[in-house]
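Heads up, the thing below is written out as structure tokens.
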Amino acid sequence: MDTEDLTTALRAATEDVRPRPGFTDDVLRGAHRARTRRRRTLAGGTAVLVVALTAGAVAWSTGGRPEQAPARPPVATPAPISFDGPTRGDLAGDQAYLAKVLAAWRQKIPTSPNRDLLSALTGEPHVYWAGTTPEGRMALVDQPGPSPAASPALGLLHGDEPIVIQDVPPGGLARGERIGFLFGIGNLNALALGGTAYSSPRFDIGADGRGTRTWTPMTDLDGMAFATLPEPSGTSGARLSGSPDLSQPIDAVATFEYSHNSTFAGQRSHLYGITADLRPYDGPPALVGGTTEPLLGADAVDSLRQAGIIDPLGYGEDFRWQAVADLPDGRVLRSFVLQQSGVGTRVYVMIVDRAGVVDWMTCLGAPSLDQETLFVDQVLPGGLGRLVARPGARLRHRTGAGPWVEAGVGAAIVPMTATALEFSGGSAAPRVIVF
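If you read the sequence shown in my numbering, its first letter stands for residue 880, the second for the next number, and so on.
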């Protein structure tokens, strides 16, 4: 039994266990923190971030308790979708097409990647919706599973001669959970089951390193909502929601461009988080000058999310590398690599004052994979010096023809008078950067 089969088998085995009301929304809000906490073990304690209420600044506290954050509005729990009743959609009266849909659904079950979980279906299949979209005719079939309390099996079909491009086994949805589908070349098309829905193609990162999502109402097709995304999104950038205030996120299951060659668990695997593959920018954290300031940990994620640095609908995030240093004026310098699924990896440099406010920040964009250059080379404001970094590398600098001055390992703040920096590590020859 492989990982996907195990996942779907466990889902089937627990289909009678129903969450308390509101549980799904709580999990969606809290899973980001839990995933990050499980993946990350950091030395030196945890720093806590909170968002200041003025100018969108981020406040920093290392006292163990965050400042009081503004109260969040209550999250509306969507009503469970009812699959009873007549077929919806503009093709509901086309009996010939509905017959083709049901025949294609029955024919697909024995060869579906989810066939083991679809073999125990009970009752008769029912066309929940059949309609015309800009991508042609589409239909959604539902059929009860062995447990009446569990969600039914679902099948998404496409074309005048319909074929199943995605199926969901019985019990695949939690009570009240909405589901959407990304399909077509580049996954440019989106369908969301039931009611009003909104689409967002990506989390756009601005020049200041903060991001936003633009939400566009999806077209209501009587029981299904449709949208064409403006550019290929893959499977990790696009998001669907029942509300533009993000209180009702909808899991968007990708069909992998009609291939339908994976189980339901595999089709939605992009919802589970990111894989932290080893990259040249990984390495031990740099505690410049022996600082005792704690590193960023899981408790920082929510505040970075509120500040617009982390996508609030991201499926996983990691701090890949960090540097922290005490500045002569009493403030703290922080630099870190933030990886988030669907957004891309970015390098940040921040200066945080002792009152707990980030009063200067820059985003350096994607980290360089070039082993011949510095990873970070950033002039700090106010004549504070220059932050240079190469994870794990031994650093030293000099001015003119003067002697080399040891600067530590991984990261350093060198004076603005420095004219060259040498970094070395491993078996590679030392490299010199001239400023």
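A virtual CB, placed ideally from N, CA and C, is assigned to each residue, including glycine.
Please read these numbers as outputs of a predicted model, since none were measured by experiment.
Backbone secondary structure at GLY1034 - three-state DSSP
GLY1034: strand per DSSP, three-state reduction.
Run the CB neighbour count on THR1093, radius 10 Å, all protein chains shown included, and call it buried at 16 or more, exposed below.
Around the beta carbon of THR1093, fewer than 16 other beta carbons lie within 10 angstroms, which makes this residue exposed.
Beta-carbon within less than 6 Å of LEU1033's beta-carbon, same chain only, minus the 5 sequence neighbours each way: which residues are those?
So the list reads ASP1021 and VAL1047, once near-sequence residues are dropped.
Ordered along the chain, which non-local residues of its own chain (more than five positions away) have a Cβ less than 6 Å from that of ALA1297?
Close CB contacts of ALA1297 within its chain, under the 6 Å cut and outside five residues either way in sequence, are with HIS1276 and THR1278 (chain order).
Could you tell me whether the Cβ atoms of ASP1101 and ARG967 are closer together than 9 Å?
At a Cβ-Cβ threshold of 9 Å, ASP1101 and ARG967 count as neighbours.
Secondary structure, beta strand (DSSP E): runs of 3+ residues fully inside the segment 1177–1228:
The segment 1177–1228 contains these whole beta strand (DSSP E) runs: 1196–1205 and 1211–1219.
Does the Cβ of ARG1081 have 16 or more other Cβ atoms within 10 Å, making it buried, or fewer, making it exposed?
With 16 or more other Cβ atoms inside 10 Å of its own Cβ, ARG1081 counts as buried.
Is there contact between the segment 1190–1202 and the segment 1218–1226, where contact requires at least three CB pairs shorter than 8 Å?
The segment 1190–1202, when compared against the segment 1218–1226, does touch it at the 8 Å Cβ threshold.
Hey, could you find the ends of the alpha helix (DSSP H) ARG985 is sitting in?
For ARG985, the enclosing alpha helix (DSSP H) starts and ends at 974–987.
In this structure, does DSSP put ASN1066 in helix, strand or coil?
In this structure, DSSP gives ASN1066 a helical state, which the three-state scheme calls helix.
State the DSSP-derived secondary structure class of LEU1174, mapped to helix, strand or coil.
Three-state DSSP puts LEU1174 in coil, outside helix and strand.
Would you tell me roughly how many angstroms separate the C-alpha atoms of ALA1299 and LEU1274, rounded to the nearest one?
Across the structure, ALA1299 and LEU1274 are spaced so that their CA atoms are roughly 11 Å apart.
Could you check where the beta strand (DSSP E) with LEU1266 kicks off and where it finishes?
The continuous beta strand (DSSP E) containing LEU1266 extends over residues 1265–1277.
Alpha-carbon spacing of SER1220 relative to LEU1192, whole angstroms:
Spanning the two alpha carbons is a distance of roughly 10 Å.
In terms of alpha-carbon separation, which member of LEU1019, PRO989 and SER1026 lies closest to LEU981?
Checked all of LEU1019, PRO989 and SER1026; the closest Cα to LEU981 is LEU1019.
Please tell me whether ALA1117 and LEU1108 are closer than 9 Å, where the distance is taken between their beta carbons.
Contact flag set, yes.
Host beta strand (DSSP E) of ARG1118 (start-end):
Bounds of the beta strand (DSSP E) holding ARG1118 are 1118–1120.
Thinking C-beta only, is ALA1069 closer than 9 Å to ILE1058?
No, the Cβ-Cβ distance between ILE1058 and ALA1069 is not below 9 Å.
ARG994 - containing alpha helix (DSSP H), residue span
Segment 994–997, the alpha helix (DSSP H) holding ARG994.
For the beta strand (DSSP E) containing ILE1292, list its first residue and its last residue.
Following the DSSP letters along the chain, one finds ILE1292 inside the beta strand (DSSP E) bounded by residues 1284–1293.
Buried versus exposed, by CB contacts within 10 Å (16 or more), ALA1186:
Buried, by the Cβ-count rule.
GLY1024, DSSP secondary structure in three states:
The answer is coil: DSSP assigns GLY1024 none of H, G, I, E or B.
Give the secondary structure of PRO1096 by DSSP, where H, G and I count as helix, E and B as strand, and everything else as coil.
Secondary structure of PRO1096 (DSSP, three-state): strand.
Helix, strand or coil for PRO1260 per DSSP?
The answer is helix: DSSP assigns PRO1260 an H, G or I state.
Using 9 Å as the threshold, is the C-beta distance between LEU1119 and ALA1076 below it?
Cβ atoms of LEU1119 and ALA1076: closer than 9 Å.
Check the DSSP bridge columns for ILE1084 and list the partner residues they point to.
As computed with DSSP, ILE1084 is found in a beta bridge with GLY1090.
Taking the alpha-carbon positions, what's the SER1214 to CYS1242 distance?
Answer to the nearest angstrom: the Cα atoms are 10 Å apart.
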